[in-house]
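Here is the structure we will look at, set down as structure tokens.
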């Protein structure tokens with residue numbers, strides 16, 4: 016089944032057809048992760064959903080960093096607004112997030128814990144400053160019991176302002192070859 020899903024994903028990637036069973040869901044505070052999400056949607060098709068915090072994060076980077084660190088230290092689970100889609104309706108979920116303090120933002124943990132991913136394929140992607148993906152893919156595997164979690168894609172946030180389509184295509188090509 017896993018091989019079939021990737022084969023189908025690969026064929027639609029190659030031929031550029033829209034995929035109704037793909038969901039690109041992401042949390043993006045500065046816009047970096049959103050740019051990668053838009054690139055993925057342009058390549059594989061599917062629906063988009065943004066994870067938006069009920070309590071907005073501060074605009075100031077210093078204040079935001081403080082809040083993010085406190086959320087991690089307290090193992091907080093920030094609430095998010097309704098996505099407007101039902102995750103259960105999708106076979107493949109592309110999950111995007113920035114790396115904050117070496118981890119996914121705590122709101123992404125909330126999303127993962129609030130949904131059933133059994134039998135789904137989760138395709139992680141992230142943007143970061145200097146840390147890379149860290150252990151985030153392993154965290155997703157631990158939380159999303161019963162899901163197939165692919166290798167993740169990571170990109171420095173500053174690189175998202177340039178054309179990053181080829182880098183995303185290369186990663187997707189590797190996934191479809193698995």
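Numbering (our numbering), first residue to last: 16 to 193.
Every residue gets a Cβ at the ideal spot worked out from N, C-alpha and C, and that includes glycine.
- In the DSSP assignment, residue 53 falls within the alpha helix (DSSP H) that extends over 47-59.
- Contact between residue 160 and residue 111 does not hold, since the beta-carbon distance rounds to 21 Å and is not under 8 Å.
- Sequence-distant partners of residue 47 (beyond 5 residues in either direction) whose C-beta falls short of 6 Å from its own C-beta, in its chain, are 142, 172, 175.
- Boundaries around residue 82 are those of the alpha helix (DSSP H), 76-88, since no beta strand (DSSP E) includes it.
- Excluding sequence positions up to five before and after residue 168, its CB lies within less than 6 Å of the CB of 140, 186, all in the same chain and listed in chain order.
- The beta carbons of residue 158 and residue 128 sit about 6 Å from each other, so the pair counts as a contact at 8 Å.
- Between the beta-carbon of residue 100 and that of residue 64 there is about 5 Å, and that keeps the pair under the 8 Å contact cut.
- When C-alpha distances from residue 151 are compared across 163, 37, 120, the shortest belongs to 120.
- Exclusion of the five residues before and after residue 79 leaves 44, 72, 73 as the residues of its chain whose Cβ lies within less than 8 Å of its Cβ.
- In the structure shown, residue 160 falls within a coil segment according to DSSP collapsed to helix, strand and coil.
- For residue 102, the closest of 91, 93, 37 by C-alpha to C-alpha distance is 37.
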